[in-house]
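Student: Residue numbers (my numbering): 16 to 402.
Each residue gets a CB set at the ideal place from its N, CA and C atoms; glycine is no exception.
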């Protein structure tokens, strides 16, 4: 079902969502419709037929992401990678797809192992370089996938410029907007065709579910996505849909605190002798800040930093006490990821080096803890004798 028109601002939409209260009982939250199928009175199908095709609990989060991103219809999937798969189902055998030269490891695995089996070619390009992007175009280029900021090196693509280039050549544009969320970056008004989220991360926000979301403002693309979503069946369960809706209600206050913490930690890390480089759009020396802030409302809650020595990696991961050390992000707790062995483990070592991902790279997604507690823990973990 298409998302209803809504005049409210994102913070209000997050709380009241597509369905403000249960229409049958007035309940303050859409119930968990834990049903696989729905009664057909007199043999006639009503609004709901079978939960793979539509479910009221799932439909709420699907309509909500469409409202937040400026789409007309949303699709909730069983994981972020399922969302990538649903979105890229718009490509066909013989098509060519351009992807960022530094991208999330799970997406790398998908575009290098799954898409080739479907007859789809992929090229890795620095999507921040518009001339390189133009040079990579082929007669059969059908799609361009963006991550901006990229995961984990924070490369910034000019969304408007890429969308304009693609539109001139009848090329579909996809963007993974997980890092920014719809609160900080809305790609559809900038010209992007399909927006993807790993809702496991900031939208869910509590590290307790797997979920993905896809939305588009194009009616024909929405029809094609709906057909694949229903046929393939990688849909979000009613219970996880309920958890996702619950998590989204507090996104604004969580993200504001996490972003503030990330900015503070980035500045402190930049001054630490054990850290050789910090990647974060909020820093004054961030090279692509102008491009980022032309299309985003904030720097986000994720940063990355290079340790000065490879010897420090194990010590840091062993000594940290507050952050969860895991291949994820976007939870209420701070999450530290060793990109080489966790989030990007699927990428061969030589390819990681070509991408610029080193064994000393650490990604940190700030949570909502007290920032001084976080810093004291980081500082003790970074400390080495003589430093």
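Which one or two residues does DSSP pair with residue 339 in a beta bridge?
Tutor: Residue 339 is bridged to 350.
Student: Indicate the three-state DSSP secondary structure (helix, strand or coil) for residue 291 in the structure shown.
Tutor: In this structure, residue 291 counts as strand in the three-state DSSP scheme.
Student: To test your reading of the DSSP string, which unbroken alpha helix (DSSP H) runs of 4 or more residues are found completely within the region 350-400?
Tutor: Fully enclosed alpha helix (DSSP H) runs of 4 or longer: 364-370, 386-397.
Student: Considering only DSSP beta bridges, list what residue 230 is partnered with.
Tutor: DSSP output for residue 230 lists 89, 210 as bridge partner(s).
Student: Does the region 356-364 come close enough to the region 277-292 to have 3 or more Cβ pairs within less than 8 Å?
Tutor: Touching, no.
Student: Which whole-angstrom value is the C-beta distance of residue 33 and residue 230, which I expect to be below 8 Å?
Tutor: No, residue 33 and residue 230 are not in contact; Cβ-Cβ is about 12 Å, not under 8 Å.
Student: Bridge partners of residue 321, per DSSP?
Tutor: The partner list for residue 321 (beta bridge, DSSP) reads 292, 376.
Student: If you draw a straight line from the alpha carbon of residue 118 to that of residue 257, how long is it in whole angstroms?
Tutor: The alpha-carbon atoms of residue 118 and residue 257 are separated by roughly 30 Å.
Student: Report, in whole angstroms, the separation of the C-beta atoms of residue 250 and residue 138, which I expect to be a contact under 8 Å.
Tutor: Not quite, the Cβ-Cβ distance comes to about 31 Å (not below 8 Å), so this is no contact.
Student: Along the chain, where does the alpha helix (DSSP H) that runs through residue 138 open and close?
Tutor: Run containing residue 138: none in the alpha helix (DSSP H); it sits in the beta strand (DSSP E), 136-140.
Student: By DSSP, does residue 56 sit in helix, in strand, or in coil?
Tutor: Looking at residue 56 - three-state DSSP - the assignment turns out to be helix.
Student: What does DSSP give as the partner residue(s) for residue 191 in the beta ladder?
Tutor: Residue 191 is bridged to 162, 211.
Student: Rounded to the nearest angstrom, what separates residue 319 and residue 282 at their Cα positions?
Tutor: Cα to Cα, residue 319 sits roughly 12 Å from residue 282.
Student: Please give me, in chain order, every unbroken run of the beta strand (DSSP E) with length at least 3 that falls completely inside the region 65-129.
Tutor: Listed in chain order, they are 88-92, 111-115.
Student: Excluding five sequence neighbours on each side, which residues of the same chain lie with their C-beta closer than 7 Å to the C-beta of residue 30?
Tutor: Taken in chain order, the residues that qualify are 264.
Student: Is residue 184 helix, strand or coil when you go by DSSP?
Tutor: The answer is coil: DSSP assigns residue 184 none of H, G, I, E or B.
Student: Let's see if you can read the secondary structure: which residues bound the alpha helix (DSSP H) around residue 261?
Tutor: It spans 253-263 - the alpha helix (DSSP H) in which residue 261 sits, taken as one unbroken run.
Student: Where does the unbroken alpha helix (DSSP H) through residue 276 begin, and where does it stop?
Tutor: It spans 266-285 - the alpha helix (DSSP H) in which residue 276 sits, taken as one unbroken run.
Student: Using a threshold of 8 Å, state whether the C-beta atoms of residue 188 and residue 212 are closer than that.
Tutor: Contact flag unset, no.
Student: Going by Cα to Cα distance, which pick from 207, 198, 371 is closest to residue 292?
Tutor: It is 371 whose Cα lies nearest to the Cα of residue 292.
Student: Is residue 156 helix, strand or coil by DSSP?
Tutor: Note: residue 156 maps to strand in three-state DSSP.
Student: Give a yes or no on whether the C-beta atoms belonging to residue 159 and residue 113 are separated by under 8 Å.
Tutor: Yes, Cβ-Cβ distance for residue 159 and residue 113 is below 8 Å.
Student: Applying the criterion that 16 or more other CB atoms from any shown protein chain within 10 Å of the CB defines a buried residue, is residue 368 buried or exposed?
Tutor: The residue is exposed, with fewer than 16 neighbouring Cβ atoms inside 10 Å.
Student: Under three-state DSSP, which class holds residue 328?
Tutor: Residue 328 falls in the helix class under three-state DSSP.
Student: Using the Cα positions of residue 143 and residue 169, report the straight-line distance between them to the nearest angstrom.
Tutor: Going from the Cα of residue 143 to the Cα of residue 169 covers about 10 Å.
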